[in-house]
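Trainee: The numbering of the sequence shown is this note's numbering, which starts it at 5 and goes up by one. The structure that follows is given in the form of structure tokens.
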Amino acid sequence: MKLLYIMLATFGGLFAGYMVLNNFTFDNISFSNYLISTLFILLMCCLLAIGLGVIVSYRRKNSDKNVMTIRQYYQYKDIKGTR
5 MKLLYIMLAT FGGLFAGYMV LNNFTFDNIS FSNYLISTLF ILLMCCLLAI
55 GLGVIVSYRR KNSDKNVMTI RQYYQYKDIK GTR
């Protein structure tokens, strides 16, 4: 239900933006062009945000790949000390 409210608010915002830009006159063809271009821009922004999220999560995942835990360090130290 929350997603429906978000979608309705988004559409309402798009419609209000169109009406403000066109001095509160409505034309089906120009509204269609406005809606297509605006949704394309929103789609590109969402794809960019998803891409950045993937890059950040990949870097976080690989940043501590070669770091020992405390237990691993002491096990390594014990093995190295017995030789």
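Yeah, the Cβ is synthetic: ideal placement off N, Cα and C, and Gly gets one too. These figures come from a predicted structure and were not determined experimentally.
Taking Y22 and Y9 to be in contact with their CB atoms under 8 Å, please state how far apart those CB atoms are, rounded to whole angstroms.
Mentor: Here the question's residue 22 lines up with position 18 in the sequence shown. Here the question's residue 9 lines up with position 5 in the sequence shown. The pair is not a contact, with the Cβ atoms about 20 Å apart (cut-off 8 Å).
Trainee: What number of angstroms, rounded off, separates the C-alpha of C49 from the C-alpha of M72?
Mentor: Locating residue 49 in the sequence shown gives position 45, counting from the first residue. Locating residue 72 in the sequence shown gives position 68, counting from the first residue. So the two alpha carbons sit approximately 38 Å from each other.
Trainee: What first and last residue would you give for the alpha helix (DSSP H) that runs through K69?
Mentor: Counting from 1 along the sequence shown, the entry for residue 69 is found at position 65. Looking at the DSSP string, K69 is not in any alpha helix (DSSP H), and its letter there is neither H nor E.
Trainee: Do you know offhand how far Y78's Cα is from N70's?
Mentor: Along the sequence shown, read from residue 1 onward, the residue named residue 78 stands at position 74. Along the sequence shown, read from residue 1 onward, the residue named residue 70 stands at position 66. In a straight line, the C-alpha of Y78 is about 16 Å away from that of N70.
Trainee: Helix, strand or coil for M11, going by three-state DSSP, please let me know.
Mentor: Translated into positions along the sequence shown, residue 11 becomes position 7. If DSSP states are grouped into helix, strand and coil, M11 belongs with the helices.
Trainee: Straight-line CA distance for A13 to I59?
Mentor: Taking the sequence shown and counting its residues from 1, one reaches residue 13 at position 9. Taking the sequence shown and counting its residues from 1, one reaches residue 59 at position 55. If you take the alpha carbons of A13 and I59, they lie about 30 Å apart.
Trainee: Give the secondary structure of F35 by DSSP, where H, G and I count as helix, E and B as strand, and everything else as coil.
Mentor: Your numbering for residue 35 matches position 31 in the sequence shown. Reduced to three states, the DSSP call for F35 is helix.
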